[in-house]
Structure formats: structure tokens, C-alpha cells
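Using this note's numbering, read the sequence shown as starting at -7 and increasing by one per residue. C-beta atoms are modelled at their ideal positions from N, C-alpha and C, and glycine is treated no differently. Quantities reported herein were computed from a predicted structural model and do not represent experimental measurements. Written out below as C-alpha cells is the structure these notes cover.
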Amino acid sequence: MIMVDKAGSDMDNQEVLTDDSSQTIYMFNDGIAVDFLADETYMDENEHGISAENKFIRDRSFIHCLKGLSLSETQKAEIKQDLRVYKA
């Protein structure tokens, strides 16, 4: 949840611009923060069949950090379960 809160905060802190002539409010962004797009399957080691888009998300989200840890199989299963619950 800490990483989700950080991703939300990063998006909340984006600059909002106004156009005085049309009174339009708008902002530029790079799309949805990759941490929000994380999926349980990104915890798996299998590289075969992963799309370029999914690889981009996996390699730039908090999943990349988690994969760098020496997690036990139990810990990996718990993280996957948390990601399933989050997605639902």
C-alpha cells in the first residue's frame, strides 16, 4: 500500500494549467502510473510470451524492486494474493 500511496501522490502533485481566455483547466501527464497497473503475473520469472507493454510496466513498477529481494515462495504467494485483492 505504501507504493500505491506513493503512485497516487505522484499523480496528485502534477501541475494543473489554466487558460484564462477559455477558463479551461488541464494537465499533462504520462498516463496511469505503472504502479497502478501492476499484476500478480509480473512476479513470475517467466519471460516467454510477455508483451512489450507488460514488460515495461513490470520493469518500472514496484514489482521490479520486489523481484530484487530474496523473497520466499510464501512471501511471493502472499504478494500475489494482495495484488489479486487490489485488482478486484
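| query | result |
| --- | --- |
| Quick one, which of 10, 26, 9 has its alpha-carbon nearest residue 2's? | 26 |
| Beta-carbon within less than 7 Å of residue 52's beta-carbon, same chain only, minus the 5 sequence neighbours each way: which residues are those? | 26 |
| Give a yes or no on contact between the stretch 29 to 40 and the stretch 9 to 18, applying the rule of three or more CB pairs nearer than 8 Å. | no |
| From residue -1 to residue 60, what distance separates their C-alpha atoms? | 20 Å |
| Looking at the unbroken alpha helix (DSSP H) that takes in residue 51, where does it start and where does it end? | 44 to 52 |
| Leaving out the 5 sequence neighbours to the left and right, which residues in its chain are closer than 8 Å to residue 35 when beta-carbon positions are compared? | 55, 58, 59, 68, 71, 72, 75 |
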